[in-house]
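In this text, residue positions in the sequence shown follow numbering that gives the first Met the number 0: the first is 0, and each later residue adds one.
For each residue, glycine too, the CB sits at the ideal point set by N, CA and C.
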Amino acid sequence: MSEAYGVVVAIVLLGLGGLVGAFALNRALTITYSTPEKLTTYESGVDPVGEGWAQIHIRYYLFAYLYVIFAVDAVYLFPWATVFATVGVSSLIEMFVFLAFVTVGLLYAYRKKVLAWT
């Protein structure tokens, strides 16, 4: 049994050695010249001006959160729809319960006027 572990340890050591060797070879073959132009912040081709801090409205985070919720909803719906015929009526009831929870969340966001883009 210790021979099996020996093989695993040898493979792990070879993998780590290859990783360290690749990084060392990259470091040895790379030529870098640091200039002030290379060390400045680069943002989509625009020279940085002003402060680096900007306030963002919380509404954008709420839209992102709602998007994630409905993307996860789609992740559950599509696989279920492909096997619906084989899983039966109980699965249909469970999916309607799931969709009811998602609908309640959407209605809550609508009533709080989160979805109003102003």
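Just how far apart, CA to CA, sit residue i and residue j?
i	j	result
residue 90	residue 54	45 angstroms
residue 27	residue 35	23 angstroms
residue 11	residue 29	27 angstroms
residue 8	residue 31	37 angstroms
residue 37	residue 48	16 angstroms
residue 81	residue 50	51 angstroms
Taking 8 angstroms as the threshold (C-beta atoms), are residue j and residue i in contact?
i	j	result
residue 57	residue 104	no
residue 96	residue 72	no
residue 79	residue 94	yes
Restricting to Cα atoms, I'd like to know which of the options is closest to residue i.
i	options	result
residue 61	9, 107, 1 and 2	107
residue 98	76, 38 and 37	76
Residue i by DSSP, collapsed to three states: which one?
i	result
residue 12	helix
residue 89	helix
residue 53	coil
residue 111	coil
residue 32	coil
residue 40	coil
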